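Respectively, the protein sequence lines represent chains A and B. Going left to right, the first sequence walks through residues 1 to 523 as this note's numbering numbers them. Going left to right, the second sequence walks through residues 1001 to 1523 as this note's numbering numbers them.
Protein chains: 2
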Amino acid sequence: MKLKRIMKTIVLTGMVTFVASAAYAGQGKKDFQASHSAHPKYVFFFLGDGMSQSQIQATEAYLTQSGGGSAREAADLLKPENRLNMSKMPVAGIQTTFDAHALMTDSASSATAFASGIKTLSGVIGMNDGKTISYKSIAQLAHEQGRKVGIVTSVSLDHATPAAYYASVSNRGYMNNIATQLANSGYEFFGGGGLVRPTGATAPDTNNNIWNLLSSNGYEVRNTKALIEDLLINPVDKVVAINPWLQDASAMPYAIDMDQQPDETFTLAEMTEIAIEVLSANKGLKKGFFLMVEGGKIDWACHANDAMATIGDMIDFDDAIAEALAFYAAHPRDTLIVVTGDHETGGMTVGHATTGYTAYYDRILGQKNSFQYFGANQWAAHEAANEAAVCPNVLNTDNLATNTDMLNLMSTEFGLNWNDLNPYQKKKLEDAYDMSLCETNSSLPSENTLLYGGYEPIIVTINHILNERASIGWTSYSHTGVPVPVFAQGREAENFYGFYDNTDIAKKLARIMGIKQSLPVVK
Amino acid sequence: MKLKRIMKTIVLTGMVTFVASAAYAGQGKKDFQASHSAHPKYVFFFLGDGMSQSQIQATEAYLTQSGGGSAREAADLLKPENRLNMSKMPVAGIQTTFDAHALMTDSASSATAFASGIKTLSGVIGMNDGKTISYKSIAQLAHEQGRKVGIVTSVSLDHATPAAYYASVSNRGYMNNIATQLANSGYEFFGGGGLVRPTGATAPDTNNNIWNLLSSNGYEVRNTKALIEDLLINPVDKVVAINPWLQDASAMPYAIDMDQQPDETFTLAEMTEIAIEVLSANKGLKKGFFLMVEGGKIDWACHANDAMATIGDMIDFDDAIAEALAFYAAHPRDTLIVVTGDHETGGMTVGHATTGYTAYYDRILGQKNSFQYFGANQWAAHEAANEAAVCPNVLNTDNLATNTDMLNLMSTEFGLNWNDLNPYQKKKLEDAYDMSLCETNSSLPSENTLLYGGYEPIIVTINHILNERASIGWTSYSHTGVPVPVFAQGREAENFYGFYDNTDIAKKLARIMGIKQSLPVVK
């Protein structure tokens, strides 16, 4: 499919300074001279979970292609309409992502770095690596000083990244404990996915009824399109807005899947727009606000090595940034927007051995939905209909090569045509099909582990081959340790130039927001 | 092996501003206010061919490990002694690398971007993509204005990257033509590798005797250690310094191999030190100089997916930067140092599916030499001794598993022990061994193409498995299209903050050096 970018992005494109060569001499330099006196009232922190330079460049190459151009024309790659909002921002820097003990951080320790300015263990939120000291986040400190706070994420609201802004907990898996701290935070806006463990948790987690707690703490919980959209006109003081369609693990659907149930979902951009409305309503503009927006399923798509699902969520995330840029356009002297990722996921590369020096992004345009949607729908149906017939003699025949229904699904759902593949690609698909359908194949277990990770073998293999044919590679189902770019625009944006550590981002933001205590601040 | 960093680097470490959090507030900010009047006299441009963020982060993780620490301790990763000189520089930015028609540039078009400020076709040097117009490089323009110019590279002096600074040619393969332009350049210093086609070229290339031409143009050509070292004490006006040991394609040896013949080779750092001496001798300090230093074999090691050879050349390249930093320390107000890469090579990732969230850089410490050295020596000897016995029944037995000599070589030369491997890794090595020794195996040709690229199957497979066990992944034998970091220090360094295109680097450097014409400049 050709993912469409929302109109606001396109309208904004002309407004945003194009950074390629003129950026530093323009916006950047002006900022350096003019903005050292006061604190920006409106601070946006956009976090692309699992987003590094490869995800950004691949998405821009996709935009070039999907717009009818050729990814092989540099003129197209430089055109503003093919650039993401983030990469056109006037300020760019780089941050290192490793945590206290791992070159490859997880989202809990990286979010703790961004929120509290400390390195900790993977899995730990808002605490030191000994799990003995709890720290306040910049969101908590800003809230104590009177700023409104909003938290938006495409995954569940109690997931590690958003949690670091309101919770301290020794294990990211204690999601009832996290949700309890959410309900006690007093923040004005939570929006996106739902809660994984609102009731029915077991020790060592807490077991509070989060819905009751939210209610007694004055929160409205809304989860229909009409009720949430109404916030644009009639904002309330404290609200938890849960997307009607929760696809997997209480998360919003992948952006690429949203047109399957458009009446049951918001985009991340729409959820961000609503958050801005709520935060800026009534007294919101007096002391300003801090809004954290996470594109959380970029990471999940990268874990599954699904490039098109990644790109879809990258574009939705970038459209959410467009909402902040629209706000910036109305409040340019009082607004700061910072965009970064917490780590790279998947070992994604902008090139592959099978394609060498040529990119073929047109070859991924045929993928209609995410691995997740395909698995829960078309694949589930195919599996149910074919398992009994195939599996008794699974290793004896070319089960995939002779199955018209599956070959058609590969073609119609992914744009992957059997006759375009080389013998090794066909063999890998055959092996994966046998494993998915019948839980066996003729490969070594260690080969299967490497080729499939924990994913549905046939689907991850379709994605691997689809992606490698486009010149997109993957080396891992986990996070990797490569440093990540940072982009910034607006008041005090120049603080984000250069090369620094992820913990420095919290310290910079604290200073910029006029938080009186130096990070880290013990709770 | 544990690669040693030269002493100068370690001495300098304390001198260079540590950038992590204080960089922008320190050196960067001062530069912004103080240095807009004059042009820096001494400009260094360091180009790591094939070097992007992954190569840098992997090398720093290696340094952490080789120093006796654990790559899993963030405290170690942040220690100055484990950071490369480049990543400690006060200014950092990001540049896009695609060329006029390819998302994945080659070194000819990227060097043309850096040298002349234009996008062109892969394979083309100093000309437009129609191959009809020749452009001057910033080195030529600086030379015309009286600056001395030096070119140092670890690969041959007529290779694409150095060539873009003195030559315009429609095809990087016309190396006699390129060398002719080298000999006619008038530049004061060329040093590093040799020439690929000094005589005996055939049409459509030119066929000049380059040695005669150099001589008639007043160049001394030196190629012994004593004669080249003598330049430190008795510099001459115009010299071509060719490393005594030319390992492959007229290039200097990989840094990791240098201790095999230390009396026959300089390091890139030593060659850089000599270049600086020659350029700064006599009248050199009057109008200043421009020195380009290429770490060219970082790229070659990445093409071969050899992480340890990559890291060795990364460290030598960074040691060469230390030479410039030593010069900077003596001339801080007049010196600018810029460091970047031309593109990423190999789709290198800092993580792998087999190791997940843990890095094991200790597992690569046992590799003694590069793929190139091993292939030309230990492997060549093993192949000659075993081919006749194994190949008549190549597909019938476990040829590698039963060959003590080869298993010993893997252990002693790479630190890769058969018993540590899983069945799939063993199978891949068996298949590769058969293909290397007997030019056949039981795999599909398309599988062999993917797994070996154009490299010696057993050696590239040893490297793949050695690297993946350390948590280093590769997806390609070619260049990839991911943007690349830029580091800068010294006068006007602040121009290299932000996100921009590779062509902007030439334009920035031209402006900074006071070149009177706007790029591009037609020859």
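Beta carbons: idealized from backbone N, C-alpha and C, even for Gly. Here the structure is a predicted model, which is why all the values come from computation and not from measurement.
Residues of its chain near A:MET271, where Cβ-Cβ distance is below 6 angstroms and the 5 sequence neighbours each way are ignored: Once the five neighbours on either side are set aside, the close Cβ partners of A:MET271 are VAL152, GLY191, GLY192.
From B:GLU1323, B:ALA1322, B:GLY1288, pick the residue whose C-alpha is nearest to that of B:LYS1041; which is it? For B:LYS1041, the nearest C-alpha among the options comes from B:GLY1288.
is_contact[B:LEU1450, chain A] using C-beta, thresh 8 angstroms: Using a Cβ-Cβ cut-off of 8 angstroms, B:LEU1450 counts as an interface residue toward chain A, since at least one Cβ of chain A sits closer than that to its own.
Return helix, strand or coil for B:TYR1042, following the three-state DSSP convention. It is a strand residue.
Simplified DSSP assignment, three categories, for A:PHE290: Note: A:PHE290 maps to strand in three-state DSSP.
Would you say A:ALA359 faces chain B, with C-beta separation under 8 angstroms as the test? A:ALA359 has a beta carbon lying within less than 8 angstroms of a beta carbon in chain B.
Helix or strand or just coil, what does DSSP make of B:ARG1197? B:ARG1197 falls in the coil class under three-state DSSP.
Residue range of the beta strand (DSSP E) that includes A:ARG222: If you look at A:ARG222, you'll find it in the beta strand (DSSP E) that goes 220 to 222.
Proximity test, Cβ basis, 8 angstroms: B:VAL1482 and chain A: Yes, its Cβ sits closer than 8 angstroms to a Cβ of chain A.
Spatial neighbours of A:ILE533 within its chain, please: CB distance less than 6 angstroms, with the 5 preceding and 5 following residues excluded, ordered by chain position. In the structure displayed, chain A extends from 1 to 523; residue 533 of chain A sits before or after that span and is not available.
N- and C-terminal bounds of the beta strand (DSSP E) containing A:PHE499: A:PHE499 -> beta strand (DSSP E) spans 498 to 501.
Which residue marks the beginning of the beta strand (DSSP E) containing A:LYS148, and which one marks its end? From DSSP, the beta strand (DSSP E) with A:LYS148 extends over 148 to 153.
On the criterion of 16 or more Cβ atoms from any shown chain inside 10 Å, does B:ILE1233 qualify as buried, or is it exposed? Exposed, by the Cβ-count rule.
Would you mind reading off the limits of the alpha helix (DSSP H) that contains B:GLN1181? Where B:GLN1181 is concerned, the enclosing alpha helix (DSSP H) starts and stops at 1175 to 1183.
Whole-Å CB distance - B:ILE1337 paired with B:TYR1328, under 8 angstroms assumed: Indeed, because the Cβ distance is near 6 angstroms, the residues count as touching under 8 angstroms.
Start and end residues, beta strand (DSSP E) containing A:LEU336: In the DSSP assignment, A:LEU336 falls within the unbroken beta strand (DSSP E) covering 335 to 341.
Close beta carbons around A:TYR361, own chain, < 6 angstroms, minus the five adjacent residues each side: Closer than 6 angstroms at the Cβ level, and outside the excluded window around A:TYR361, lie ALA61, TYR62, GLN65, ALA71, ALA470.
Taking B:ALA1488 as part of the beta strand (DSSP E), name the residues at either end of that continuous run. Note, B:ALA1488: beta strand (DSSP E), 1484 to 1490.
For B:GLY1519, which residues in chain A fall below 8 angstroms Cβ to Cβ? The question names Gly, yet the displayed sequence has Leu at residue 1519 of chain B. Taking a Cβ-Cβ threshold of 8 angstroms, none of the residues of chain A is close to B:LEU1519; the smallest such distance is about 11 angstroms.
Give every residue of the same chain whose Cβ lies closer than 7 angstroms to the Cβ of A:LYS523, excluding the five residues on either side of it in the sequence, and list them in chain order. When the five nearest sequence neighbours on each side are left out, the beta carbons in the same chain lying within less than 7 angstroms of the beta carbon of A:LYS523 are those of SER134, TYR135, LYS136, SER168, in order along the chain.
Is A:LEU395 near the ligand MN - that is, is its Cβ less than 7 angstroms away from at least one heavy atom of it? This structure does not include the ligand MN; it has no bound ligands of any sort.
Per DSSP, what kind of secondary structure is A:HIS464 in: helix, strand or coil? Note: A:HIS464 maps to helix in three-state DSSP.
Helix, strand or coil at A:ALA249 [DSSP, three-state]: In the three-state reduction of the DSSP assignment, A:ALA249 falls in the coil class.
Where DSSP assigns a beta bridge to A:GLN372, which residues make up the other side? DSSP lists no partner for A:GLN372.
Got a sec? Which residues, its chain only, sit under 6 angstroms from B:THR1397 by beta carbon, not counting five neighbours each side? There are no such residues.
Within-8 angstroms CB hit, B:ASP1501 to chain A: Residue contact with chain A for B:ASP1501: present (Cβ-Cβ distance below 8 angstroms to some residue of chain A).
A:THR404: first and last residue of the uninterrupted alpha helix (DSSP H) it sits in: Annotation for A:THR404: the continuous alpha helix (DSSP H) segment containing it runs 404 to 414.
Using only alpha-carbon positions, find the residue among B:ASP1076, B:ASP1237, B:SER1109, B:ALA1249 that is nearest to A:PHE98. Comparing Cα-Cα distances from A:PHE98 to each of B:ASP1076, B:ASP1237, B:SER1109, B:ALA1249, the minimum goes to B:ASP1076.
Using a Cβ-Cβ cut-off of less than 8 angstroms, give me the residues of the segment 1396 to 1428 of chain B that come near chain A, in sequence order. Cβ contacts with chain A: ASN1422, PRO1423, TYR1424, GLN1425, LYS1427.
Based on Cα-Cα distance, which residue from A:LYS426, A:HIS479, A:ALA201 lies nearest to A:ILE462? Among A:LYS426, A:HIS479, A:ALA201, the Cα nearest to that of A:ILE462 belongs to A:LYS426.
Report the CB separation of B:SER1052 from B:GLU1468 in whole angstroms; it is logged as a contact under 8 angstroms. The Cβ separation is near 19 angstroms, so there is no contact.
At the level of alpha carbons, what is the spacing between A:ASP318 and B:TYR1373? Their backbone Cα atoms lie some 47 angstroms apart in a straight line.
When you check each C-beta in the segment 1232 to 1254 of chain B against every C-beta of chain A, which residues fall closer than 8 angstroms? From the segment 1232 to 1254 of chain B, no residue has a Cβ closer than 8 angstroms to chain A.
Give a yes or no on whether 8 angstroms exceeds the smallest Cβ distance from B:MET1513 to chain A. No, B:MET1513 lies away from the interface with chain A (no Cβ there is under 8 angstroms from its Cβ).
If we define contact as Cβ-Cβ less than 8 angstroms, is B:ILE1094 a contact residue for chain A? Interface residue, yes.
Closer than 8 angstroms, CB to CB, is B:LEU1336 near chain A or not? B:LEU1336 does not count as touching chain A.
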